[in-house]
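2 protein chains.
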Amino acid sequence: MKQSKALSALQALANEDRLALVRLLVPHGADGLAAGEIARQMGLSASRLSFHLAQLEQAGLVGARKVARNVIYAIDAGGLGETIAFLLTDCCLEHPEVVACCRHGRAVAAPVIEAASTPEAAPTVPQDAPRAPLES
Amino acid sequence: MKQSKALSALQALANEDRLALVRLLVPHGADGLAAGEIARQMGLSASRLSFHLAQLEQAGLVGARKVARNVIYAIDAGGLGETIAFLLTDCCLEHPEVVACCRHGRAVAAPVIEAASTPEAAPTVPQDAPRAPLES
DNA sequence: TTCATTCTTCAACTACTCATGAAACGTTGA
DNA sequence: TCAACGTTTCATGAGTAGTTGAAGAATGAA
Chain A
1 MKQSKALSAL QALANEDRLA LVRLLVPHGA DGLAAGEIAR QMGLSASRLS FHLAQLEQAG
61 LVGARKVARN VIYAIDAGGL GETIAFLLTD CCLEHPEVVA CCRHGRAVAA PVIEAASTPE
121 AAPTVPQDAP RAPLES
Chain B
1 MKQSKALSAL QALANEDRLA LVRLLVPHGA DGLAAGEIAR QMGLSASRLS FHLAQLEQAG
61 LVGARKVARN VIYAIDAGGL GETIAFLLTD CCLEHPEVVA CCRHGRAVAA PVIEAASTPE
121 AAPTVPQDAP RAPLES
């Protein structure tokens, strides 16, 4: 996946409404949902929804097909997967900790940092201090 | 991972400079790189770099520590992994095609679509037609 | 102490994204 | 043919993000 394509996918996902849109569409799979039904479920105005759907479609994260007078939007699992794969592979170079963390759904190093036993097992920079005075 | 945190991480990643920043920092792991060195390698002005690094740090994707007069920035593999995990788990509900695609680094359904042999094996909406006339 | 270096913060500006409502478009059924 | 419906497009305005250059803070060497 080209970086520019991944970038536009990330830009598309980096919005609360559009992320909610993706989460709404995923369970419906290829069947998708009509634009009007999406607008109803999400409480968005038609024009606002259309704008967000267009962004997602342009980013290759959803697809559209016309059925009668409805436009059915469905998640594009391929595009979504490619975007995640880009992050994992091209961007993070399959960094072992990222992959592990990705498998467990949270920072695997957290308990190690807590125990402060094996610093080399926690290669991240400690980030509990909220940036402030930058202890030297 | 909370959605708001994932959202800010995605927003942080949805910028060319910051994505390049992450890709530059990942190979250096926990050793990180001094801000000045990053600016030199990326050809960014100091203030611009500082701005982007602050965004990444606030999103929990990089960490900073001060060494002598340098500020060393290093990737936070935990935050990065959590973000990817959020996309895969919370957002895509581990959708089988997304996961498969994620494993192979590209759309696994693509050749199937090309061959147009088993449509039910390619549950995504066809998206080769660039949106235009929406064939009904 | 003074000065150079490194980095951050600030203000001002531009460019972009987002939200809104009105209008337009294409399809459907009476 | 025409009204109803679902949807998109457009214009407008507000808010936010990104860029730039200057100023300021922290540090270490002379």
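So the sequences go chain by chain: A and B. Take the first sequence: its letters are residues 1 to 136, numbered as in UniProt numbering. Take the second sequence: its letters are residues 1 to 136, numbered as in UniProt numbering. C-beta: ideal position from N, C-alpha, C; glycine also. These numbers come from a predicted model, not from an experiment.
Here residue 65 of chain B is bridged, per DSSP, to B/72. Taking the Cα of residue 61 of chain A as reference, the smallest distance to any Cα among B/103, B/63, B/98 is reached at B/98. When only Cα atoms are considered, residue 74 of chain B and residue 65 of chain A end up about 45 Å apart.
Approximately 7 Å separates the beta-carbon atoms of residue 27 of chain A and residue 93 of chain B; this is inside 8 Å, confirming the contact. With respect to chain A, the C-beta atom of residue 44 of chain B has no partner C-beta closer than 9 Å. Contact of residue 37 of chain A with chain B by beta-carbon distance below 7 Å is absent, the smallest such distance being about 16 Å.
Residues of the same chain with a CB within less than 7 Å of the CB of residue 6 of chain A, apart from the 5 flanking positions on each side, are 83, 86 in chain order. Straight-line measurement puts the Cα of residue 103 of chain B at about 12 Å from the Cα of residue 80 of chain A. In the structure shown, residue 14 of chain B falls within a coil segment according to DSSP collapsed to helix, strand and coil. Using a CB distance cut-off of 9 Å, residue 34 of chain A does not count as an interface residue toward chain B.
Interface with chain A (9 Å Cβ-Cβ cutoff): residue 52 of chain B is excluded. For residue 3 of chain A, the closest Cβ of chain B is nearer than 9 Å.
Excluding sequence positions up to five before and after residue 9 of chain B, its CB lies within less than 7 Å of the CB of 59, 60, 61, 79, 83, all in the same chain and listed in chain order.
Using a Cβ-Cβ cut-off of 9 Å, residue 103 of chain B counts as an interface residue toward chain A, since at least one Cβ of chain A sits closer than that to its own. Residue 71 of chain A has its alpha-carbon roughly 5 Å from the corresponding atom of residue 34 of chain A.
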